[in-house]
Amino acid sequence: MERSDVDLLDARQPHWVAAVEAPCRNWAAAPGCRSHARYLVDKDMMPSVSRFERFDSRGDCLQWIMAHRVQLTAQLPGATVRPVPLANWLLGLV
5 MERSDVDLLD
15 ARQPHWVAAV
25 EAPCRNWAAA
35 PGCRSHARYL
45 VDKDMMPSVS
55 RFERFDSRGD
65 CLQWIMAHRV
75 QLTAQLPGAT
85 VRPVPLANWL
95 LGLV
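Mapped onto this note's numbering, the consecutive letters of the sequence shown carry residue numbers 5 to 98.
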């Protein structure tokens with residue numbers, strides 16, 4: 005899903021995404037970033053601010069994270085991927 009499509013989502017129900025925070029400045033997964041920069045995880049398991057996988061529940065998001073943990077660890081070295089409500093991420097609350 006693209007960030008520009010967020011307006012199309014039903015605001016009455018929660019939407020969950022996998023999010024990650026850069027563990028250090030100039031992180032290998034996001035060269036040039038600042039330390040603690042916030043990213044969503046896209047379908048290619050890369051950090052992104054505009055593309056992301058959307059899930060209907062926290063459980064669905066956790067299942068996806070666990071099913072792809074090997075690839076996520078390789079693609080996002082040193083970072084912890086966690087499920088967060090999309091609305092909170094967009095507002096900068098997580």
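Ideal Cβ positions, reconstructed from N, Cα and C, are used throughout, including at glycine. Source: prediction; values computed, not measured.
Hey, how far is the Cα of residue i from the Cα of residue j?
{"i": "residue 55", "j": "residue 47", "result": "8 Å"}
{"i": "residue 25", "j": "residue 11", "result": "24 Å"}
{"i": "residue 87", "j": "residue 58", "result": "10 Å"}
{"i": "residue 23", "j": "residue 43", "result": "6 Å"}
{"i": "residue 72", "j": "residue 50", "result": "12 Å"}
{"i": "residue 70", "j": "residue 21", "result": "13 Å"}
The beta strand (DSSP E) that contains residue i, what's its start and end?
{"i": "residue 20", "result": "20–25"}
{"i": "residue 86", "result": "86–89"}
Looking only at its chain, what residues have a beta carbon closer than 6 Å to the beta carbon of residue i, apart from the 5 residues adjacent to it on each side?
{"i": "residue 81", "result": "32"}
Beta-carbon within less than 7 Å of residue i's beta-carbon, same chain only, minus the 5 sequence neighbours each way: which residues are those?
{"i": "residue 34", "result": "26, 41, 43, 51"}
Continuous alpha helix (DSSP H) assignments of at least 4 residues falling wholly in the region 42–81: Within the region 42–81, the complete alpha helix (DSSP H) runs of at least 4 residues are 62–71, 73–79.
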